[in-house]
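Everything below concerns the one structure shown next.
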Amino acid sequence: MATNKRLPFVTFRTRVRDETVDGTNPYRWEDKTTDDYFGSKRVMLFSLPGAFTPTCSTYQLPDFEKLYDEFEKQGIEAVYCLSVNDAFVMNAWGKALKLEKVKLIPDGSGEFTRKMGMLVAKDNLGFGMRSWRYAAVVNDGVVEHWFEEEGLSDNCASDPYGVSSPQNILEALKCLRVASAP
């Protein structure tokens, strides 16, 4: 996706904790839209192939969590991780990683990812349709900066990771801030 493009409007089906719900699973469905997540604020969005996968669980998501405060210093108000996984999987993954700062967005049907042009087949890994790895700084629903891994393709033999790493993005944001300083 190019910079200065508006994110596609979709509705995400999420599960949120609600103590008024009886039983051992106190969650309820809540629809959230693109505007709910990305409107009226400057945020970091990153997307990855899947919850509980090695690179995503060992490096990418944990490093965004660790560097969250550094993103705030660059004017980022929230950090969102999106994956083509359902709300149950995303909630379990967040709990397993003990996330406190990064928020997870379930794109269970892949609608947002498809409309972003980032939906790829990963049948070679037994995944089906998933997101290509990318990140974006989004300001009021519009892409301000775009970081996409090379080689976007179906059934890619490799899993490139570097361009969309939090370390790379922070370095780019710091350079941009210095370049735009008076």
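Numbers 1 to 182, taken from UniProt numbering, label the letters of the sequence shown in order. Positions of the beta carbon are idealized from the N, C-alpha and C atoms, including for glycine. Being a predicted model, the structure only gives us computed values, none of them experimental.
CB-CB length for residue i against residue j, believed under 8 Å
i: residue 82; j: residue 63; result: Not a contact, Cβ separation roughly 16 Å.
i: residue 33; j: residue 9; result: 7 Å
i: residue 46; j: residue 164; result: 6 Å
i: residue 61; j: residue 119; result: With a Cβ gap of about 20 Å, residue 61 and residue 119 do not count as contacting.
i: residue 28; j: residue 35; result: About 21 Å separates the two Cβ atoms, so there is no contact after all.
i: residue 191; j: residue 142; result: Nothing in the structure corresponds to residue 191, since the chain is present only between 1 and 182.
i: residue 15; j: residue 88; result: 7 Å
i: residue 115; j: residue 155; result: Contact doesn't hold; Cβ gap of about 21 Å is too wide.
i: residue 31; j: residue 13; result: 6 Å
Contact set for residue i: own chain, Cβ-Cβ below 7 Å, skip 5 residues either direction
i: residue 144; result: 3, 137, 138
i: residue 68; result: 79, 101, 102
i: residue 86; result: 106, 108
i: residue 177; result: 74
i: residue 50; result: 56, 83, 85, 127, 130
i: residue 184; result: In the structure as shown, the chain begins at 1 and stops at 182. Residue 184 is therefore absent and cannot be evaluated.
i: residue 117; result: 1
Residue range of the unbroken alpha helix (DSSP H) whose run includes residue i
i: residue 31; result: That residue, residue 31, is in no alpha helix (DSSP H); its beta strand (DSSP E) goes 27-33.
i: residue 129; result: Element bounds for residue 129: not the alpha helix (DSSP H) but the beta strand (DSSP E), 129-131.
i: residue 5; result: From DSSP, residue 5 is part of no alpha helix (DSSP H); its letter is neither H nor E.
i: residue 73; result: 68-73
Residue-level contact to chain B via CB, residue i, 8 Å cutoff
i: residue 53; result: Among the chains of the structure shown, chain B does not appear; only one protein chain is present.
DSSP-derived helix/strand/coil call for residue i
i: residue 12; result: strand
i: residue 111; result: helix
i: residue 149; result: coil
i: residue 81; result: strand
i: residue 164; result: coil
i: residue 171; result: helix
i: residue 98; result: coil
i: residue 185; result: The structure shown does not extend to residue 185, since the chain is modelled only from 1 to 182, so the question has no answer here.
i: residue 36; result: helix
i: residue 191; result: Outside the shown range of the chain (1 to 182) lies residue 191, about which nothing can therefore be said.
i: residue 53; result: coil
Residues that residue i bridges to, as DSSP identifies them
i: residue 139; result: 42, 142
i: residue 48; result: 83
i: residue 106; result: 83
i: residue 189; result: Nothing about residue 189 can be reported from this structure: the residues present for the chain run from 1 to 182 only.
i: residue 134; result: 47, 148
Same chain only: Cβ atoms within 8 Å of residue i, ignoring 5 sequence neighbours per side
i: residue 42; result: 75, 76, 77, 137, 138, 139, 140, 144
i: residue 160; result: 133, 149, 150, 151
i: residue 168; result: 147, 162
i: residue 21; result: 27, 28
Start-to-end residues for the beta strand (DSSP E) that takes in residue i
i: residue 119; result: 119-121
Own chain, CB closer than 6 Å to residue i, minus 5 neighbours either side, in chain order
i: residue 104; result: 81, 90, 94
i: residue 152; result: 132
i: residue 48; result: 56, 60, 83, 133
i: residue 124; result: 155
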